Amino acid sequence: GTLAYTVSFFVLPPVWRLGKRHGFQTQPDFFAWRYGSRALGVATALIGVFSILPYLQLQLRGLGLIVTVASGGALGPGAAIGLAFVLSCAFVYTSGLRGAAWVSILKDVLMLAAVGIVGFGVPASHYGGVGAMFRQVVEKFPQHLVLPGSAPALGVPWVMSTCLLTGLGFYMWPHVFSTAYSAKSGETIQRNAIIMPLYQLPILLALGVGFTAMLAVPGLKDGDMAFLELVRRTYPPWFLGFVGAAGAVTAMVPASILVLYAATLLSKNVYRAAIRPDASDAAVFRLSRALVLVIMAGALVLCVLLPLDLVSLLILGYDGVCQFFPGVVMGLFWKRVTKQGVMAGLAAGLAVTSGLILVGRDPLGGLNAGFVGLAVNALTAWAVSRFGPSVVTES
Numbered sequence: 115g116t117l118a119y120t121v122s123f124f125v126l127p128p129v130w131r132l133g134k135r136h137g138f139q140t141q142p143d144f145f146a147w148r149y150g151s152r153a154l155g156v157a158t159a160l161i162g163v164f165s166i167l168p169y170l171q172l173q174l175r176g177l178g179l180i181v182t183v184a185s186g187g188a189l190g191p192g193a194a195i196g197l198a199f200v201l202s203c204a205f206v207y208t209s210g211l212r213g214a215a216w217v218s219i220l221k222d223v224l225m226l227a228a229v230g231i232v233g234f235g236v237p238a239s240h241y242g243g244v245g246a247m248f249r250q251v252v253e254k255f256p257q258h259l260v261l262p263g264s265a266p267a268l269g270v271p272w273v274m275s276t277c278l279l280t281g282l283g284f285y286m287w288p289h290v291f292s293t294a295y296s297a298k299s300g301e302t303i304q305r306n307a308i309i310m311p312l313y314q315l316p317i318l319l320a321l322g323v324g325f326t327a328m329l330a331v332p333g334l335k336d337g338d339m340a341f342l343e344l345v346r347r348t349y350p351p352w353f354l355g356f357v358g359a360a361g362a363v364t365a366m367v368p369a370s371i372l373v374l375y376a377a378t379l380l381s382k383n384v385y386r387a388a389i390r391p392d393a394s395d396a397a398v399f400r401l402s403r404a405l406v407l408v409i410m411a412g413a414l415v416l417c418v419l420l421p422l423d424l425v426s427l428l429i430l431g432y433d434g435v436c437q438f439f440p441g442v443v444m445g446l447f448w449k450r451v452t453k454q455g456v457m458a459g460l461a462a463g464l465a466v467t468s469g470l471i472l473v474g475r476d477p478l479g480g481l482n483a484g485f486v487g488l489a490v491n492a493l494t495a496w497a498v499s500r501f502g503p504s505v506v507t508e509s
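For the sequence shown, the positions run 115 to 509 when my numbering is used.
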């Protein structure tokens, strides 16, 4: 996250200026205008939607875990995720984007309170404090305090490449990229980039809860349940309800934003741009509302067919959206870049990333497959633009 805010300090102000000048609303609007290619705009919209699906799946799975705990185990994983799907759809249709923005304020307050109370309280309750807890970890699980820990394939190169992948890719998510357009000014974006790294500090408390779970809940089958299981064992039932409510809001707010942006990409940047250029705003809006259910259903199907853990789902989404980074940065700062270069880079990067994942070669040489694909993407875009037809696009 801190790397992402550093990137935003330099990249988002020029994105904001272009958006204000040309009335951009979505990420594909930038690509289509900058490279003079409607096809590239459609391609980025489709890639964005497919990358959003694992992120939506993550929210459904997280909400499903909360439902399972809240039911006292009465609802199994399948029923819990089904109920999570219903709750998420109801929230999207009743709140909309404006409602989700207001609820997100409540979400942040509740989640920071829950993480703070649990992050300090659980180690103190079980071991007398954070320091005492870590002394126990040093004695019993010293291998978890150095890389690669319990995952031999995920060593220092994997961690560094994954941090770079997610840091460069954070503002490439379609819904996050578009926030630059609504900023008051470029200076506001840069001021936020300076302040926002502080928001990463509560993650340290969540890591502390994870280390505590290794000691207090040995043999936990599902690592994603560590936080909720410790709360259940440490606090009274009413506090578990509070944490569950905070977690539920934390899952539903991002889910609503993600699915609304995905529906917008399909209706505006695919349907209107490539299929029905004469479609009215009302028709695009109606299609967007209908697509919300289709996209959520797609995420639900993935939950059933591809039950990955939460971290793997998030990285899978980053593998996709990070491929936009070369096209954005080159488009902003290098006049020589061409649409052919960016399209070739996108195709090469996605092909390499998906190929490595499908054949089980992730990581490759210790590096995250998405980062390898990103490197291939950037090199291809540069080479094709540099040595291909001399076509200078607008900047």
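We put the beta carbon where it would ideally sit given N, CA and C, even for glycine. In this text, all values refer to a predicted model and were calculated from it rather than measured experimentally.
- Comparing alpha-carbon positions, the option among Leu419, Val384 and Thr378 lying closest to Phe399 turns out to be Thr378.
- Runs of the alpha helix (DSSP H) lying entirely within the segment 362 to 424 and spanning at least 4 residues, in chain order: 395 to 419.
- In the structure shown, Leu472 falls within a helical segment according to DSSP collapsed to helix, strand and coil.
- Approximately 24 Å separates the beta-carbon atoms of Leu312 and Cys436; this is outside 8 Å, ruling out the contact.
- Cβ-Cβ separation between Thr140 and Asn383: approximately 6 Å, consistent with a contact (criterion under 8 Å).
- Here Leu427 carries a helix assignment [DSSP, helix/strand/coil].
- Ranked by how close their Cα comes to the Cα of Phe291, the residues Val442, Gly484 and Val363 have Val442 in first place.
- Of the residues Asp336, Pro503 and Phe353, the one whose Cα lies closest to the Cα of Leu424 is Asp336.
- Judged by beta-carbon spacing, Ala365 lies beyond the 9 Å limit of Gln171, meaning their Cβ atoms are not closer than that value.
- One alpha carbon belongs to Arg475, the other to Pro351, and they sit about 44 Å apart.
- The Cβ atoms of Gly281 and Thr467 do not sit closer than 9 Å to each other.
- Assignment of beta-bridge partners to Leu478 by DSSP yields Leu481.
- Here DSSP, grouped into helix, strand and coil, assigns Tyr149 to coil.
- A distance below 9 Å separates the beta carbons of Ala307 and Phe123.
- In this structure Val486 is in contact with Leu478, their Cβ atoms being roughly 5 Å apart against a cut-off of 8 Å.
- Residue range Thr116 to His136 is occupied by the alpha helix (DSSP H) that includes Lys134.
- The residues Gln257 and His258, in chain order, have a CB closer than 8 Å to that of Ser264 in the same chain once the five nearest residues on each side in sequence are set aside.
- Taking the C-beta atoms as reference points, Val418 is found nearer than 9 Å to Gly192.
- Taking a contact as a CB-CB distance under 8 Å, the pair Leu224 and Ala359 counts as one, their CB atoms being some 7 Å apart.
- Rounded to whole angstroms, Gly322 and Ala362 show a C-alpha spacing of 22 Å.
- For the 9 Å CB-CB criterion, Ala376 and Pro237 do not form a contact.
- By the criterion of a C-beta distance shorter than 6 Å, Ala184 is surrounded in its chain by Gly358, once the five residues flanking it on both sides are discounted.
- Two segments are said to touch when three or more pairs of C-beta atoms, one from each, lie closer than 8 Å; by this definition the segment 458 to 473 touches the segment 493 to 500.
- The closest CA to that of Trp272, considering only Gly502, Gly480, Pro503 and Ala492, is found on Gly480.
- Here DSSP, grouped into helix, strand and coil, assigns Val331 to coil.
- By the neighbour-count criterion, in which 16 or more other beta carbons inside 10 Å mark a residue as buried, Lys221 falls on the buried side.
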